[in-house]
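K.L.:
Mapped onto this note's numbering, the consecutive letters of the sequence shown carry residue numbers 5 to 186. Every residue, glycine too, gets a C-beta built ideally from N, C-alpha and C.
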Amino acid sequence: MTPPTATTPRPSGRRDAAYADRPLPIGADQTVSAPHMVGIMCDHLSLESGDEVLEIGTGCGYHAAVTTEIVDDGNVYSVEYVDRLAREARGRLAELSYDVHVRVGDGHEGWPEHAPYDAAYLTCAAASVPDPVVDQLRAGGRLVAPIGTTSQRLVTVTKTPAGPEREEHGAVRFVPMQGGES
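#1: Select from E169, H118, R142, G109 the residue whose C-alpha is nearest the C-alpha of M181.
#2: Is D139 close to the ligand GDP? I mean its beta-carbon at under 6 Å from any heavy atom of the ligand.
#3: Unbroken alpha helix (DSSP H) runs of length 4 or more, entirely within the region 32 to 94: which are they?
#4: From the DSSP output, in three-state form, read off L97 for me.
#5: Is the region 115 to 127 touching the region 49 to 61, taking contact as three or more C-beta pairs under 8 Å?
#6: Which of helix, strand or coil does DSSP assign to G111?
#7: State yes or no: is the C-beta of V138 within less than 7 Å of the C-beta of I151?
#8: According to DSSP, simplified to helix, strand and coil, what is D135?
#9: Ignore the nearest five residues each way along the sequence and tell me which others in V133's own chain have a CB closer than 8 Å to its CB.
#10: Please determine, among E99, A166, L58, A68, the residue with the shortest C-alpha to C-alpha distance to G114.
#11: Which residue marks the beginning of the beta strand (DSSP E) containing P180, and which one marks its end?
#12: If you draw a straight line from the alpha carbon of V86 to that of A166, how long is it in whole angstroms?
#13: Going by beta carbon distance, what residues of the same chain come within less than 6 Å of R96, once the five residues before and after it are set aside?
#14: Can you give me the Cβ contacts of R177 inside the same chain, cut-off strictly under 7 Å, excluding the 5 residues immediately before and after it?
#15: Buried or exposed for A48, please, with buried defined as at least 16 other CB atoms from any protein chain shown within 10 angstroms of its CB.
#16: Under a three-way DSSP split, which group does P116 fall into?
#17: Report the rounded CA-to-CA distance for A130 versus E99, giving the unit in angstroms.
#18: Can you give the Cα-Cα distance for G144 and T164, rounded to whole angstroms?
#19: Specify the secondary structure class of A166 as computed by DSSP and reduced to three states.
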């Protein structure tokens, strides 16, 4: 099976850089994650067709498009803090025929109107796990997120009846989450 990170379209104006396995600037002091990191995060989420997914940090829309390739159109809800990035991503995703719900907001609060979610992920580093996002997961739901400020770790938080269970996957470096109590 060809991974979604290989089949998701790249912008023609930067196609040479778009295939590089490194973060790339997208404006507003933000970056799109390296394709390998998008793949790692999707693997840790254990996504399946039909899953409802919350994304925090739409950016350019690439990670949402990859996620949509796995879970199907209409199942990804993405919150972006920067209005211009949200508008551009919404247009780009629609142009490429991805049905992703995008809104401007503070990702620390998630998107409660569409909860519960099977999975959620952050494309930016939060200082600590955003409890409202975990609260919006179904029982057994997973959050994958870079957590920390100067030292960041990629973590998976699984919502269980006994409370959240946390698993660390190693050191990472992401742009900081904006808004709220980042």
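P.N.:
Taking the definition as stated:
#1: Comparing Cα-Cα distances from M181 to each of E169, H118, R142, G109, the minimum goes to G109.
#2: The ligand GDP is absent from the structure shown, which contains no ligand whatsoever.
#3: Every alpha helix (DSSP H) of 4 residues or more that sits fully in the region 32 to 94 is shown, in chain order, as 39 to 49, 66 to 75.
#4: It is helical.
#5: Taking a cut-off of 8 Å for Cβ pairs, the region 115 to 127 and the region 49 to 61 touch, as three or more such pairs fall below it.
#6: When DSSP states are grouped into helix, strand and coil, G111 belongs to the helix group.
#7: Not closer than 7 Å, so no.
#8: Residue state, collapsed to three classes: helix.
#9: Within the same chain, V133 has close Cβ partners L147, A149, I151, V159, V161, P168, R170.
#10: The shortest Cα separation from G114 among E99, A166, L58, A68 belongs to L58.
#11: It is not in any beta strand (DSSP E) - P180 carries neither H nor E in the DSSP assignment.
#12: Whole-angstrom Cα-Cα distance: 36 Å.
#13: Counting only residues of its own chain and dropping the five nearest sequence neighbours on each side, R96 has a CB closer than 6 Å to the CB of G65.
#14: Within the same chain, Cβ atoms closer than 7 Å to the Cβ of R177 are found at Q156, the five residues on either side in sequence being excluded.
#15: The amino acid occupying residue 48 in the given sequence is His; Ala does not appear at that position. It counts as buried.
#16: In the structure shown, P116 adopts helical secondary structure according to DSSP, grouped into three states.
#17: Answer to the nearest angstrom: the Cα atoms are 30 Å apart.
#18: G144 and T164: Cα-Cα distance of roughly 6 Å.
#19: Note: A166 maps to coil in three-state DSSP.
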